[in-house]
Amino acid sequence: MDKHSPLSPEALYRTCDTDLLPFKTTETLEPFSGFFGQERAIEAMEFGVGMQRPGYNLFVMGNPHTGRFSFATVSLRNVAKKQRKPQDWCYLNNLSDNRYPTILKLPAGKAARFRRDMDRLFDNILSELPAAFESPGYQRLKSRIERDFNRRYDTAVEQVERQGREYSIAVYREAGQVGFTPVANGQAMDEAQFSALPEEERDAFQRNISELEDLLNDNLTELPKWRREVAEQIRELEHDTARQAVSGPIQAMKEHYTNLSGVPEYLVHVEKDLIKNGAELVAESPVEVRTDATRRAWLEENYGVNLLVDNEKTKGAPVVFEAHPSYDNLFGRIEYTSEMGAMVTNYQLIRPGALHRANGGYLVIEAEKLLEQPFVYGALKRALKSHEIRIENPVSEYTGVNTITLTPEPVPLGVKIVLIGGRDTYYLLQELDHDFEKMFRVVVDFDEDVDRNPKAIRQYARLMKTLASEERLAHLTREGVARLVEHSSRLAEDQELLSAHIGELVDLLCEADYRRKEKGDEMIGAVHVEHALASKERRTGRLAQKILDGIMNETVLIDTDGEAVGKSNGLTVLQVGDVSFGTPARITATVNPGNRGIVDIEREVTLGQPIHSKGVLILQGYLGHKYARDFPLTLSASIAMEQSYGYIDGDSASLAEICTLISALTHIPIRQQYALTGSINQYGEVQAIGGVNEKIEGYFRLCKTRGLTGKQGVIIPKANVRNLMLKSEVVQAVKDGEFHVYSVATVDECLEILTGKPAGRVKADGQFTQRSMGAEIVKRLREIAKAKA
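With UniProt numbering applied, the sequence shown corresponds to residues 1 to 789, in that order.
Right, here's the structure in full:
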């Protein structure tokens, strides 16, 4: 009984009518501006960018290769270029405590000018300061102070010298020290002469020397005070001299920056510190040779401007993409130099991160890469909460070791973060981090597909023109665009949709252009697109060919003709990287009296994953509901996917499994020329599955290799008919009557195709019609139930 008709060839593939493409080549089309089919995402992006309140950061979510990154960056730049450029930021030395560098905010472009002015100030100082200390006036005043000190000192020592002459004792000065020695005949005695003197004379000399020492000590009691006074007088002189040298240039610079908060105050500190250290700067050092270069380096190291962020050439607000969001790359770092084996640093070695560069604008980060980096996500949350950027050592928090010797002042933060990631990443963060939704309130959901209507097709053609121009490819013919539209529907796995995966489209265009060049054609046509698709399939088809070879040499057992009880051909999709292909798999079932129920062998050996196991459990519910309403369902059955040695998931085999189970139960054979796919519910309705095109083509490839008989075919859910975009060779085989594709809505329809017997219907008395599948199933279930009893 074959009352079911296969699908028509027109249902297997939706062609693109070239009448919808009113052009001969894309050369005459206007370029496409904007983002194809992303109206929802555009609206969300506009809201997120326009909402200038804390917490309204954005998460752009979607699959890779859909253009989400280009969408985000282009959208942000279009808005940012109309906004005001942010301020410059620079670090300055904290002259009160150089462990805590201070941050200075200046209008855009002013920081670089400030740094240049400071460089000129250093030039002036290096010119004026040495001249001031070398001037005759300074030298004369310093000499006067030193003479006054020497006069006091000399007066005190001369009094001791006069007294010494009366005692025939000479007073001498050596290396700043005062000493005494006996004198005879106008000459100082040596040790031998002194020892030859009578003891009385020696004792007299000793008493007199002691008296002179006491007198000297009395006279020089205030020597430390005199020295302090001299040092203070010289220090005041040095300060006055330095002040006269530096105050003029610094005052002129202060007047120039009167209206910029922070600069005049900093210059006051610089002036004070230069007055304090000016003399030391110009003095010669006994341990190093000081040149103008070393003096300038000292000035730059102590008073220079560390320009952290320069927005002088920025057009509008900055849009920064950080490809490697490590802690240092986002928050900045402090570098070190080695001096005599020790690691040292200063405020000039503070380096900015992406947050500094994006401050006042937008920072784009890939969410998955952000989460790969240790400590970064938590630190980013803290920065957004506190609205400031801190340069810290994140490891020290956990190890207790802190190698940073500087604590820079935090930079106020005003940035909008745009994370780009997959949907799984977004939902994971949403589930695990309660703060996430508060900080990323705007979701920009990137559509994967676009409705396939005349307007979208025309836009798609313009998009082809734009992508070809950007990649410097040849123009496309109308037929070439139509073939790309059809392939886009295949990528979307829906005749009514177009795929928004722009990345895959660009790759296909590039290869089609390469095939065009091979043939020496001027434009990309349908034949070049077809050639590119076939070439890619051939390059990536090694595994599919290996599996086919295994079936052909009967290493893997699959029948494509004849009949068998308890056996059917299921269809699976294998995914390896970005390559997916379909292949048949034998499903077997056995039924015996018992009460174990239906045993999923895959589950028993832990190869069956949860969704597959759920599909098997549904089978028992379906059998009981449809065929065992007035008696207990007691049987022992087992189901297996043969020669499968890996994990199995998904419920797309449940239609094949129930049909195989019923065949084993009733001993009614299944036609082996058919392969089938679909999931079922407990009411026997067949539900849609994924990968329908790959599954059909995988079975067709096997049948074609063995030889098409005109009886072979595939049974799919009726809900999957709209997903059919089969290869031309499959469609042609269907046209020629060599292959068939059936769609079913219920298990009964599928059983009728597989067995050629009527499924039967339930009569008013609750019994199935005679000689039907239903009647046979009930009969066998009753027999098994009685045998068990």
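Ideal Cβ positions, reconstructed from N, Cα and C, are used throughout, including at glycine. Computed from a prediction, not measured in an experiment: that's the story for all the values here.
Open item on the list: Out of L370, M51, K254, which one is the CA nearest neighbour of A323?
Closed with: Here residue 323 refers to the residue found at position 323 when the sequence shown is read from its first residue. For the residues L370, M51, K254, the minimum Cα distance to A323 belongs to L370.
Open item on the list: Taking the alpha carbon of P374 as the reference point, which residue from V415, S326, R382, K385 has its own alpha carbon closest?
Closed with: Here the question's residue 374 lines up with position 374 in the sequence shown. Looking at V415, S326, R382, K385, the one whose alpha-carbon comes closest to that of P374 is S326.
Open item on the list: Only counting the same chain, and skipping five residues up and downstream in sequence, which positions put a Cβ closer than 7 Å to that of D447?
Closed with: On the sequence shown, position 447 is the one that residue 447 refers to. The answer, listed in chain order, is G37, Q38, R40, A41, A500.
Open item on the list: So, with DSSP's three-state summary, where would you put R671?
Closed with: Indexing the sequence shown from 1 puts residue 671 at position 671. DSSP places R671 in strand when its eight states are reduced to three.
Task: From A482, H531, H239, residue whose alpha carbon lies closest to that of T26 - done: Your numbering for residue 26 matches position 26 in the sequence shown. Nearest Cα to T26 within the set A482, H531, H239: A482.
Task: Cβ-Cβ separation, L665 to I753 (assumed contact under 8 Å), whole Å - done: If you number the sequence shown from 1, residue 753 lands on position 753. If you number the sequence shown from 1, residue 665 lands on position 665. Between L665 and I753 the Cβ distance is about 18 Å, and since that is not below 8 Å, they are no contact.
TODO: Sort out for me which residues DSSP pairs F768 with in a bridge.
DONE: As a working mapping, residue 768 is identified with position 768 in the sequence shown. DSSP, once it has assigned bridges, lists V762 as partnering F768.
Task: Counted within 10 angstroms of its Cβ, other Cβ atoms place Y683 as buried (16 or more) or exposed - done: Translated into positions along the sequence shown, residue 683 becomes position 683. With fewer than 16 other CB atoms across the displayed protein chains lying within 10 angstroms of its CB, Y683 is exposed.
Task: Exposure of V268, with buried meaning 16 or more beta-carbon neighbours within 10 Å - done: As a first step, residue 268 must be located in the sequence shown, where it is residue number 268. Exposed, since its Cβ has fewer than 16 Cβ neighbours within 10 Å.
Task: Cβ contact (3+ pairs, closer than 8 Å) linking the segment 306-319 and the segment 118-138 - done: no
Open item on the list: Give me, in chain order, the residues of the same chain whose beta-carbon lies closer than 6 Å to that of V444; leave out the 5 immediate sequence neighbours on both sides.
Closed with: Looking up residue 444 in the sequence shown gives position 444. Once the five neighbours on either side are set aside, the close Cβ partners of V444 are A41, A44, M45, L58, V60.
Task: DSSP-derived helix/strand/coil call for H356 - done: As a position in the sequence shown, residue 356 is number 356, starting the count at 1. In the structure shown, H356 falls within a helical segment according to DSSP collapsed to helix, strand and coil.
- [ ] Would you decide whether Y138 is buried or exposed? Buried here means 16 or more other CB atoms lie within 10 Å of its CB.
- [x] The residue given as residue 138 occupies position 138 in the sequence shown. Here Y138 is buried. Its C-beta has 16 or more other C-beta atoms within 10 Å.
- [ ] Count the other C-beta atoms from every protein chain shown that fall within 10 angstroms of the C-beta of R235, then say buried if there are 16 or more, exposed otherwise.
- [x] Indexing the sequence shown from 1 puts residue 235 at position 235. Looking at its Cβ environment, which holds fewer than 16 other Cβ atoms inside 10 Å, R235 is exposed.
- [ ] State the Cα-Cα distance for the pair H387 and P412, rounded to the nearest angstrom.
- [x] In the sequence shown, residue 387 corresponds to position 387, counting from 1. In the sequence shown, residue 412 corresponds to position 412, counting from 1. Rounded to whole angstroms, H387 to P412 spans 6 Å at the Cα level.
- [ ] Give the straight-line distance between the Cα atoms of N681 and Q687, rounded to the nearest whole angstrom.
- [x] Counted from its first residue, the sequence shown places residue 681 at position 681. Counted from its first residue, the sequence shown places residue 687 at position 687. Distance from the CA of N681 to the CA of Q687, rounded to the nearest whole angstrom, comes to 7 Å.
Task: Buried or exposed (CB count within 10 angstroms, at least 16 for buried), A456 - done: One-based indexing of the sequence shown puts residue 456 at position 456. Its Cβ being crowded by 16 or more others within 10 Å, A456 is buried.
TODO: Classify R290 as helix, strand or coil using the three-state DSSP reduction.
DONE: Indexing the sequence shown from 1 puts residue 290 at position 290. R290: coil per DSSP, three-state reduction.
Task: Reference R462, options I689, K381, T590, L484, closest by Cα - done: Counting from 1 along the sequence shown, the entry for residue 462 is found at position 462. Scanning I689, K381, T590, L484 for the CA closest to the CA of R462 turns up L484.
- [ ] With a threshold of 16 other CB atoms inside 10 Å of the CB of S679, please say whether the residue is buried or exposed.
- [x] For the purposes of this step, residue 679 is taken as the residue at position 679 of the sequence shown. Note on S679: 16 or more other CB atoms within 10 angstroms of its CB, so buried under the neighbour-count rule.
Task: Simplified DSSP assignment, three categories, for H740 - done: Translated into the one-based positions of the sequence shown, residue 740 becomes position 740. Three-state DSSP puts H740 in a strand.
Task: For F321: DSSP bridge partner residues - done: To locate residue 321, count along the sequence shown from 1; it is residue 321. Bridge partners of F321: V364.
Task: When K3, H4, R14 are compared against R722, the one with the closest alpha-carbon - done: Counting from 1 along the sequence shown, the entry for residue 722 is found at position 722. Closest by C-alpha distance to R722, out of K3, H4, R14, is R14.
Open item on the list: Extract the residue ranges of the alpha helix (DSSP H) inside the segment 86-163, only unbroken runs of 4 or more that lie entirely within it.
Closed with: 110-134
Task: Beta-carbon spacing of E335, R351 below 9 Å - done: Position 335 of the sequence shown, counting from 1, holds the residue named residue 335. Position 351 of the sequence shown, counting from 1, holds the residue named residue 351. Against a cut-off of 9 Å, the Cβ pair of R351 and E335 comes out as a contact.
Task: N- and C-terminal bounds of the beta strand (DSSP E) containing R14 - done: Along the sequence shown, one-based indexing puts residue 14 at 14. First-last for R14: undefined, no H or E at that position.
Open item on the list: Less than 8 Å between C-beta atoms, sequence neighbours within five positions excluded: which residues of the same chain meet that for K416?
Closed with: The count along the sequence shown starts at 1 and reaches residue 416 at position 416. Only G48, V49, Y56, N57, L58, G361, Y362, L363 meet the Cβ criterion.
- [ ] Report the three-state DSSP secondary structure of P374 (helix, strand or coil).
- [x] For this step, residue 374 is matched to residue 374 along the sequence shown. Reduced to three states, the DSSP call for P374 is coil.
Task: Test item: CB-CB of Q244 and A379 under 9 Å - done: For this step, residue 244 is matched to residue 244 along the sequence shown. For this step, residue 379 is matched to residue 379 along the sequence shown. Using a Cβ distance threshold of 9 Å, Q244 and A379 do not count as a contacting pair.
TODO: Determine the extent of the alpha helix (DSSP H) in which E694 is found, giving its start and end residues.
DONE: The residue given as residue 694 occupies position 694 in the sequence shown. Note, E694: alpha helix (DSSP H), 692-706.
Open item on the list: If you reduce the DSSP assignment to three classes, tell me which class F581 lands in.
Closed with: Along the sequence shown, one-based indexing puts residue 581 at 581. It is a strand residue.
Open item on the list: When you compare the CB positions of R77 and V319, do they come within less than 9 Å of one another, or not?
Closed with: Reading the sequence shown from its first residue, position 77 is the one you call residue 77. Reading the sequence shown from its first residue, position 319 is the one you call residue 319. Yes; because the gap between Cβ atoms is below 9 Å, this pair is in contact.
TODO: Assign G179 to one of three DSSP states: helix, strand, or coil.
DONE: Taking the sequence shown and counting its residues from 1, one reaches residue 179 at position 179. In this structure, G179 counts as strand in the three-state DSSP scheme.
- [ ] For G62, I'd like the list of residues in its chain whose CB is within less than 6 Å of its CB, leaving aside the five on either flank, ordered along the chain.
- [x] Against the sequence shown, residue 62 aligns to sequence position 62. The residues are R68, F446.
Open item on the list: By alpha-carbon positions, which one of R771, N98, A112, N453 ends up nearest to D273?
Closed with: Residue numbering aside, residue 273 sits at position 273 when the sequence shown is read from its first letter. Checked all of R771, N98, A112, N453; the closest Cα to D273 is N98.
- [ ] Locate the alpha helix (DSSP H) running through V305, then write down its first and last residues.
- [x] In the sequence shown, the residue the question calls residue 305 occupies position 305. Unbroken run through V305: none, as it is neither H nor E.
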